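Take the sequence shown: its letters are residues 912 to 1101, numbered as in the numbering used here. Data first, discussion second: the structure below is written as structure tokens.
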Amino acid sequence: MKLFSRLYERVMHWAEHRHAPWYLGGLSFAESSFFPIPPDVMLAPMALARTDRAWRFATITTVTSVLGGMLGYLIGYLAFAQVEPWLQTSNYWDRYQLAVAWFDEWGVWAIFIAGFSPIPYKVFTLAAGAISMAFLPFVLASAVGRGARFFLVAGLMKWGGKAMEEKLHRYVDLLGWLVVVLVVLFIILH
């Protein structure tokens, strides 16, 4: 079934849209404070579709992600009592507690690590605000951690270029179904 190849073609078309950088910025901002979808899912196809703009897309993603992280920090700092009940009833409570433990153990380095971890970055931004982490080190670590991640994604797409796009297009259905199977197994076994 060619479900993922059709979706892939659509995403590649959207990635070339003239407003795509604005959408990328909005997604990056929202993901850092409240939205569940990581910006990599938009950054990668955009950088692949327009390798000449890969660094620009990585910059947009980094800057807006850090700005969204600042909003997440402020939510944690100013309104954690209102957010905590939702965190406790969502899938994020254990992740939030892990983020706080990481802050206790590694301090500001936890923000840098969060840029690469499977724990959603928004959980770290809320936790940083809730524990009143120093704001400037939070922002700097966010910029370095998120920047490293997004420039790595954009760089891989730029480096792979047309050859990577062709291989990805050829195997996208197999990869898509493999991911579905892995997610189902994770849900069943977890």
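Every residue gets a Cβ at the ideal spot worked out from N, C-alpha and C, and that includes glycine. This structure is a prediction, so every number in the text was calculated from the model and none was measured.
Asked: Same chain only: Cβ atoms within 6 Å of proline 1048, ignoring 5 sequence neighbours per side; Found: Val1019
Asked: Coarse secondary structure for alanine 958, derived from DSSP in three states; Found: helix
Asked: Alpha-carbon to alpha-carbon, arginine 917 and serine 1002; Found: Inspection of the sequence shows that residue 1002 is occupied by asparagine rather than by serine. Going by the C-alpha atoms only, they are around 31 Å apart.
Asked: Other residues of its chain near leucine 935: CB distance less than 7 Å, five sequence neighbours each side excluded; Found: Pro950, Met953, Leu954, Met957, Phe968, Ile971 and Thr972
Asked: Cβ-based burial, leucine 1037 [other Cβ within 10 Å; buried from 16]; Found: buried
Asked: Beta-carbon gap between glycine 1066 and glycine 1026 smaller than 9 Å; Found: no
Asked: DSSP state of alanine 1045 mapped onto helix, strand, coil; Found: coil
Asked: Secondary structure of glutamate 995, DSSP reduced to three states; Found: helix
Asked: Buried versus exposed call for arginine 929 [16 or more other C-beta atoms within 10 Å across all chains shown]; Found: exposed
Asked: Residue environment, serine 943, which counts as buried when at least 16 other CB atoms sit within 10 Å; Found: buried
Asked: Short Cβ contact (9 Å threshold) for glycine 979 with isoleucine 1042; Found: no
Asked: For valine 1019, the three-state DSSP class (helix, strand or coil); Found: coil
Asked: Helix, strand or coil at isoleucine 948 according to DSSP, with G and I counted as helix; Found: coil
Asked: Boundaries (first-last residue) of the alpha helix (DSSP H) holding phenylalanine 940; Found: 931–942
Asked: Secondary structure of isoleucine 1030, DSSP reduced to three states; Found: coil
Asked: Which of helix, strand or coil DSSP assigns to glutamate 1077; Found: helix
Asked: Backbone CA spacing between glutamate 1074 and phenylalanine 940 [nearest angstrom]; Found: Going by the sequence as given, residue 1074 is alanine instead of glutamate. So the two alpha carbons sit approximately 31 Å from each other.
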